[in-house]
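Numbering (our numbering), first residue to last: 13 to 96.
Laid out in structure tokens, this is it:
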């Protein structure tokens, strides 16, 4: 599955505990990553600086849904279910 243009839900909804360039302490849930560009694409997608957790998250029909809003809802629900 290909990423939907102008989505970036997977770079917004989940919290990330590992450092990200520009976010040395990671990022809280429901916060856009500073590495998202104007088209909501990852600026460090092919870089070794991209966190492994980000590289491991692959688009899938159940996660992405039909819209960005559906993807955000699904991912925020997952975030809540897996929060410590």
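From the three backbone atoms N, C-alpha and C, an ideal C-beta is built for every residue, glycine too.
Reducing DSSP to helix, strand and coil, say where residue i ends up.
| i | result |
| --- | --- |
| residue 39 | strand |
| residue 48 | strand |
| residue 22 | helix |
State the beta-bridge partners of residue i as determined by DSSP.
| i | result |
| --- | --- |
| residue 76 | Answer by DSSP bridge pairing: none, since residue 76 is not bridged. |
| residue 56 | According to DSSP, residue 56 bridges with nothing at all. |
Since residue i and residue j are thought to touch, with beta carbons under 8 Å apart, how far apart are those beta carbons, to the nearest angstrom?
| i | j | result |
| --- | --- | --- |
| residue 87 | residue 17 | At roughly 18 Å, the Cβ-Cβ gap does not stay under 8 Å, so residue 87 and residue 17 are not in contact. |
| residue 19 | residue 69 | Rounded, the Cβ-Cβ distance is 13 Å, inconsistent with contact. |
| residue 32 | residue 47 | 6 Å |
| residue 28 | residue 66 | 7 Å |
So is the beta-carbon of residue i under 7 Å away from any non-hydrogen atom of the ligand GDP?
| i | result |
| --- | --- |
| residue 48 | The ligand GDP is not part of the structure shown, which contains no ligands of any sort. |
Could you check whether the region 57–64 touches the region 76–94, counting it as contact only if at least three pairs of C-beta atoms, one from each stretch, sit closer than 8 Å? no
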